[in-house]
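FYI, in mature numbering (1 follows the signal peptide of the UniProt record, and there is no 0) the residues of the sequence shown are -27 to -1, 1 to 214. Contents: one structure, followed by commentary.
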Amino acid sequence: MPLRDTSAMNRLLQCLCFLLLIAPAYAAESQAPAARTIVLVRHGYYVPDPAADERLGPHLAPIGVAQAQLVGARLAGLPTRFDAMYVSPVQRARDTAAVIAGNFPGRRFEVVDDLAECTPPSRRAEIMVHENPKDLAACKTQFDRLFARYFRPAAGHERTDLLVCHGNVIRYLVTRALGVDTTAWLEMSVGNASITEIRIEADGSFKVIAVGDVGHLPPAMLTGATGDSERSLAIPPLPLD
């Protein structure tokens, strides 16, 4: 083999060895923990309907659709891109997500069964007395599983996830993020189409940034939180002399 060919081969081997040496370090750096922001949206207003599917529940009421349109516009105006969009399998959450999706052309939601509404244990004995203990325990397990899956640092780069779900889900997850007694979840109230934001830092610590934000809704469209009145988009009677 000519001398110059041997020299070129040696340089090539040196380059390959160098790449093999730095590859693990580069891979580790690309998967380093990073911050994750979770944006949780409660579904819009709905009217209970005994005739609705027992598992899915009823569709949104007209005012709930309007609320979803407003929260969708608010989300679209945020200075961030959602890396993933998840939704509860329950109909009122799916309807809310469908309206929100109109602000994000080409994006799709993933249905997550653990985002479904249920009732976890609470310190409110007058409410718990009407609940099945097995159902309460199963709900707690569901929400804890949800928290373990999504409420952890991202890998490699910061990301933001959108979860469209329910009031009980959101309030329980807030107690987990705060590190307080999870049976205190019922001491909070979040309205329909409200926004809750929780940030998980790269080191695994939590920052609750907002809970139940409804700044995108006019006062006449506030529903679902403690103290809110029943409202609708029906045309009221015209006051005449």
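Cβ atoms here follow ideal geometry from the backbone N, Cα and C, with glycine treated the same way. All values reported here derive from a predicted model rather than from experimental measurement.
- Secondary structure remark: continuous beta strand (DSSP E) runs of at least 3 residues inside the segment 45 to 80, in chain order: 57 to 60.
- The way I'd put it, the segment 44 to 64 doesn't touch the segment 99 to 113; fewer than three beta-carbon pairs between them come closer than 8 Å.
- Judged by beta-carbon spacing, residue 185 lies within the 8 Å limit of residue 198, meaning their Cβ atoms are closer than that value.
- Using a Cβ-Cβ distance cut-off of 8 Å, the segment 95 to 105 and the segment 61 to 81 are not in contact, since fewer than three pairs of beta carbons, one from each stretch, lie closer than that value.
- Cβ-Cβ distances below 8 Å link residue 179 to 124, 150, 151, 152, 171, 172 and 173 in the same chain, with the five nearest sequence neighbours on each side left out; the list follows chain order.
- Following the DSSP letters along the chain, one finds residue 122 inside the alpha helix (DSSP H) bounded by residues 106 to 123.
- Boundaries cannot be given for residue 208, as no beta strand (DSSP E) includes it and DSSP labels it neither H nor E.
- By the criterion of a C-beta distance shorter than 6 Å, residue 144 is surrounded in its chain by 158 and 161, once the five residues flanking it on both sides are discounted.
- CA-CA distance, residue 61 to residue 87, rounds to 7 Å.
- Distances from the alpha-carbon of residue 69 to those of 52, 132, 53 and 46 put 46 closest.
- Counting along the chain, residue 140 sits inside no beta strand (DSSP E); it lies in the alpha helix (DSSP H) bounded by residues 140 to 151.
- Burial state of residue 11 is buried, judged by a 10 Å Cβ sphere holding 16 or more other Cβ atoms.
- Contact check for residue 33 against residue 24 fails: the beta carbons are separated by 8 Å or more.
- Annotated as distal: residue 166 and residue 20, with beta-carbon spacing of 8 Å or more.
- The Cβ-Cβ distance between residue 9 and residue 126 falls below 8 Å.
- Rounded to the nearest angstrom, the Cβ distance from residue 142 to residue 169 is 10 Å, too far for a contact under 8 Å.
- Scanning the segment 167 to 210 from its first residue to its last, no whole alpha helix (DSSP H) run of 4-plus residues comes out.
- In terms of Cβ geometry, residue 133 and residue 93 do not form a close pair [threshold 8 Å].
- Of the other Cβ atoms in all chains shown, 16 or more fall within 10 Å of the Cβ of residue 196; this residue is therefore buried.
- Per the C-alpha coordinates, the member of 43, 194, 17 and 39 positioned closest to residue 31 is 17.
- Secondary structure note for residue 15: its beta strand (DSSP E) is the uninterrupted segment 9 to 15.
- Taking 8 Å as the cut-off, the Cβ atoms of residue 175 and residue 39 do not count as close.
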